[in-house]
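From first to last, the protein sequence lines stand for chains A and B. Anchor point for the first sequence: position 189 equals 189 in this note's numbering, and the numbering is continuous, going up by one each time. Take the position in the second sequence, starting the count at 1, then add 1000; the result is the number in this note's numbering. No residue lacks a Cβ here, since even glycine has one placed at the ideal position from N, Cα and C.
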Amino acid sequence: MKIIIAGAGKVGYHLAKTLSLYHEITIIDKNFEAISTIQDDLDVLAICGDVESPKIYAQCMKKVDFFVAVTNSDEVNMIASLIIDDTIEVDKKIIRLKNSFFLESKIFEKLNIYATVFSSYHVASTLKRLLEFPLANNVKEFNMANFIMLSVRVCNPDYVGYNIREICKEFDDVVAIVGLERDKHFTVPKPSEVVKREDLLYIVGNKEIIKRRYANLEAPQKKEKKLENCIVFGANRVGVEMAKVLLDYGLEVKIIEQNLDLCEQASEVLQGEAIVLNSKYGWGHLLKEEGLDSADMVIASTTNDEYNMIKSIEAKEVGISKVIAINNDREYYSLMHALGLVVIRGEKIDTYYSILEQINADSLIVQKRYCGGRGVVLLKEISSDSRSLNRVIKLPSKIKECCDGYIIRENNILSEIENISPQVGDKLILFARSDYADTLEKWIYQAV
Amino acid sequence: MIRTIDIKGIVKFIATTGTLLALFLLSPIAIGLLYGEDIQAFLIYDLALLLINALFWFGLRHHTIAMKIKGSIIAVNLIWLLLGLAGAIPLMLYTSLDFSSAFFESISGFTTTGATVFSDIESLPKMILFLRSLTHWLGGMGIIVLGVGLLSIINPTGSLSMFRAESTGISMDKIAPKIRDTALMLWGIYSVLTLIDMFLLHYFGMGWFDAINHAFSTISTGGFSTKNSSMGAFDDGAIIWITTFFMIVSGINFLAHLRFLHRDYGGYQSEEIRYYLATFLLLALLLSGVHIGSSDMGIEASLRHSFFTVASVLTTTGFATLNYEEWGHVAVSIVFVAMLVGGTTGSTAGGVKVIRYVILFKNMFTEIKRTLHPNAVLSIFIDNKKLKSSLLTSIAGFFTLYILTSVIVMLYLYARGLDEMSAISTALATVGNIGPGFGAVGPVENYGFFSWYDKWVLSMAMIIGRLECYTLYLMLSKTFWKRF
């Protein structure tokens, strides 16, 4: 496919890097440094210029499949998506927006925009899912009917000693266990694998069924401790969106922020429902004064990962059990995961993944990562021109060894895929350690 | 160190290039067949070459090339050495050359230097003459560029660093998102220009065989001819003017030609090309003036020979019509300046390249300004874009290496007994990939008299010049071979 990306910031760079493997990419930005870095690193056409100027598009191809606007400014993204129509025929336009007041707007239909990515809103909705499953370590949603992936730590002694097959039975055999983390080591478990205490299990399946049963694994008959008080570090867009979600759940929210301007904005947006604290002089004295040590949950949502990690560790030291950290820089993702924090992708990373999914949604393979990037999910929908349609999928032994495969048909997750002939609309889903991602992807491209 | 380098990738790349070369080498065999020459040895050699490379390629067909910068540098250097070897063997089979001379001739061909060791070119078999021109043509646009283009059809990633390793220093602009498209388009326009030149030469009276050889030689800015007296054998107005025109065109960035085909004339308006054309006109007119004053030729003939000579030396082609050394010292000085300049980036010409001088001069003026206004914030602009300061240091580094290489070669030759002017011009003519120089290697002389070890030194000088210094010297760096 031919894709034009406007904006060569972090999101633009990583999109270009990933997409350039299989597509023709043109990337445009005003920033000369950013463009020359891309010129040196990636096999894409990098143009230095203003994305709002019609002239710049004259240097691009005349017809493209996607236009992706990911500059830092909402207005620039929208204007660029209008301007480009003058010179280039674009099939689909995707723009990234930050201000959530655009959410309800109908303007995008008028502007002929295919998809918008509201990352701050999206990040907050991840939190919403976590609140739905308070005992889960993490929850991921797939773009299909009611399926989630949930990770939970096995602490209930009743289940220690069960093997994976038996645990699946506890869920009426309609889920799959696709990952196991033990002593910071990740595997895709065999059915005969015996579960030990403190293992982290990754469960995929229907949301309702998982919701009913998963808590048993975590603790015996323990009543879910009700969350009441919550602290949010950072009053930026994501922090405020998070606070909104928490307030909707009826929690008490206190936001802590160093920057006075951000504090004022946040307090205006939240209309006093949450208390916004200005912590110019550190938060030590606030701990006692505001009773912060009695919080049930802490979310570190600044744009600075180092700060988020430190605040999360501090919060754990104070004795707060539920700590969530926002991850902005992918290089820190594994570290945060290793520190035992619940990690939610920050705005930029979320934008990157959302846009990738939009672009890949058509026919290609969707790739997601889990368990701190150590596990990979590959998902491919069987379409009417798939090679394996109505024919049994034969997994080569090389593939069979390294991954766990399922077929999702309507609401069911079917294992033993070698006995099923795929139909249109079925989804083939593979789970594996991420070092096998390339091998698997290549195989899916060729065989499925 | 070894573990971090994609050795299989290097082998696969060399095998691809080798297969490509073997396929191209079928064409001189066809020429030999056409002229009823004894092709047996050449054919066996070529088939063996094809077989070996194809076998390696077949064995590694599933390997995905993931070459990083170090691997690419090794691969490029190895390919250039192996190209020299592959081209040398047929020369040894059909002529009385020893290995060093054959290697020199072959490297001189692939690097588009055009320095020959043959004194009687016309006595060579037609297929060997064609082989010499073919080495020019393959080396001109860069057989590696072609390899990258073809390879990335099979292998979508990992060839970017290759592309950069062959043309270092100043980054090549792209006009299409994928490097393979750019590479193949470049080869496309290169072939088209060659065809046009060939037809025009034939139309104005050259035989088909001479026309195709000279077209190969001209567009690649090489300089091998099929005649002993080089282009002097075709002392016909039209042919000389056409060749002058095509030499100048080949000295211009091929991306500008590509953009021209897309009806975008902006490519020709870049500062580098304007300075290049201005330099050409200035030197050519000066030389004409000298020539008119010193000889009894007509004005048209003087202009023709002067324009031709300056174009030939400036674009590092190295054709000759007349012996410019007979025109006096001023003429030699003018030609000497042309030797130092070279063509533009992205062209087939060698030498220092105009853009580097432009940047250096601009830097010089900026420094003068800075002395006068110590507090001023100053930057250098090229084509209305601010120049990255790292590029300036990289150019300074290039000049250092270029001058160093030339001086070392020059001192070596002087120590070997050449006179001053011959030593200086031989060094510049080989490192700059020009071909003829002054004195012992003047336009009517050849390189045959050098001893075998001199030829190896000069061969290395040509490769260093073709790869713009950095690529080969990088391998000599200690850190290159260290893992950390």
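query, result
"Any chain A beta carbon closer than 9 Å to alanine 1176 of chain B", "yes"
"Any chain A beta carbon closer than 9 Å to isoleucine 1121 of chain B", "no"
"Minimum Cβ-Cβ distance from threonine 26 of chain A to chain B less than 9 Å", "yes"
"Any C-beta of chain B under 9 Å from that of aspartate 29 of chain A", "no"
"Touch test, the segment 145 to 161 of chain A against the segment 205 to 217 of chain A, Cβ-Cβ under 8 Å, three pairs minimum", "yes"
"Contact with chain B by leucine 440 of chain A, beta-carbon distance below 9 Å", "no"
"Of the residues B/Phe1254, B/Arg1304, B/Ile1196, the one placed nearest methionine 1231 of chain B, counting alpha carbons only", "B/Arg1304"
"Interface flag, aspartate 91 of chain A vs chain B, CB-CB below 9 Å", "no"
"Straight-line gap, glutamine 423 of chain A to leucine 389 of chain A (C-alpha atoms, nearest Å)", "6 Å"
"Helix, strand or coil at arginine 1304 of chain B according to DSSP, with G and I counted as helix", "helix"
"Chain-ordered chain A contacts of lysine 1227 of chain B [CB-CB under 8 Å]", "Those do not exist, as lysine 1227 of chain B stays about 44 Å from chain A at its closest Cβ, beyond 8 Å."
"Residue closest to threonine 439 of chain A, alpha-carbon to alpha-carbon, out of A/Ile349, A/Cys403, A/Gly425, A/Ile417", "A/Cys403"
"Leucine 1060 of chain B beta carbon less than 9 Å from that of lysine 1012 of chain B", "yes"
"Range covered by the beta strand (DSSP E) that runs through phenylalanine 1013 of chain B", "From DSSP, phenylalanine 1013 of chain B is part of no beta strand (DSSP E) but of the alpha helix (DSSP H) over 1007 to 1024."
"Chain A contacts made by the segment 1371 to 1402 of chain B, where a contact means CB separation under 8 Å", "Lys1385, Lys1386, Lys1388"
"Histidine 185 of chain A, enclosing beta strand (DSSP E) - first and last residue", "185 to 187"
"Which residues DSSP lists as bridging alanine 58 of chain A, in chain order", "Bridge partners of alanine 58 of chain A: none, in fact."
"Secondary structure, alpha helix (DSSP H): runs of 4+ residues fully inside the segment 1341 to 1396 of chain B", "1354 to 1372"
"DSSP bridge partner residues for glutamine 1040 of chain B (one or two, in chain order)", "According to DSSP, which records beta bridges pairwise, glutamine 1040 of chain B is partnered with nothing at all."
"Assigned exposure category for alanine 1048 of chain B - 16 Cβ within 10 Å defines buried", "exposed"
"Nonlocal neighbours in the same chain, by C-beta distance under 6 Å from arginine 369 of chain A, ignoring five residues either side", "Val376"
"Selection from A/Val188, A/Glu228, A/Ser434 that minimises the alpha carbon distance to serine 321 of chain A", "A/Glu228"
"CA nearest to the CA of methionine 1185 of chain B, picked from B/Glu1272, B/Asp1098, B/His1257, B/Ser1106", "B/His1257"
"Beta carbon proximity, serine 20 of chain A to chain B, threshold 9 Å", "yes"
"CB of isoleucine 1107 of chain B within 9 Å of CB of serine 1459 of chain B, strictly", "yes"
"Contacts of isoleucine 1179 of chain B in chain D (Cβ-Cβ under 9 Å)", "No chain D is part of this structure, whose protein chains are labelled A and B."
"Glutamate 1105 of chain B versus phenylalanine 1199 of chain B - alpha carbon distance", "27 Å"
"Contacts around threonine 1145 of chain B, its chain only, beta-carbon distance under 6 Å, and the 5 residues preceding and following it disregarded", "Here the sequence assigns valine to residue 1145 of chain B, which means threonine is not the residue at that position. Taken in chain order, the residues that qualify are Ala1183."
"Where serine 36 of chain A meets chain B, residues with beta-carbon distance less than 7 Å", "Lys1388"
"Sequence-distant residues of its chain with Cβ nearer than 8 Å to arginine 213 of chain A (five each side left out)", "Glu170, Phe171"
"Paired residues, beta bridge with glutamine 367 of chain A - DSSP", "A/Leu378"
"Rounded separation between lysine 1482 of chain B and isoleucine 47 of chain A - CA only", "35 Å"
"Beta strand (DSSP E) segment containing phenylalanine 1280 of chain B, residue limits", "Counting along the chain, phenylalanine 1280 of chain B falls outside any beta strand (DSSP E), though it belongs to the alpha helix (DSSP H) covering 1271 to 1294."
"For serine 151 of chain A, the residue or residues it bridges with in DSSP", "A/Asn138, A/Tyr202"
"Separation of leucine 19 of chain A from glycine 1158 of chain B, as counted between CA atoms", "Residue placement at glycine 1158 of chain B is flagged as unreliable, the pLDDT there being 48, under the threshold of 50; a coordinate-derived value is accordingly withheld."
"Distance, isoleucine 1252 of chain B Cα to lysine 1353 of chain B Cα", "10 Å"
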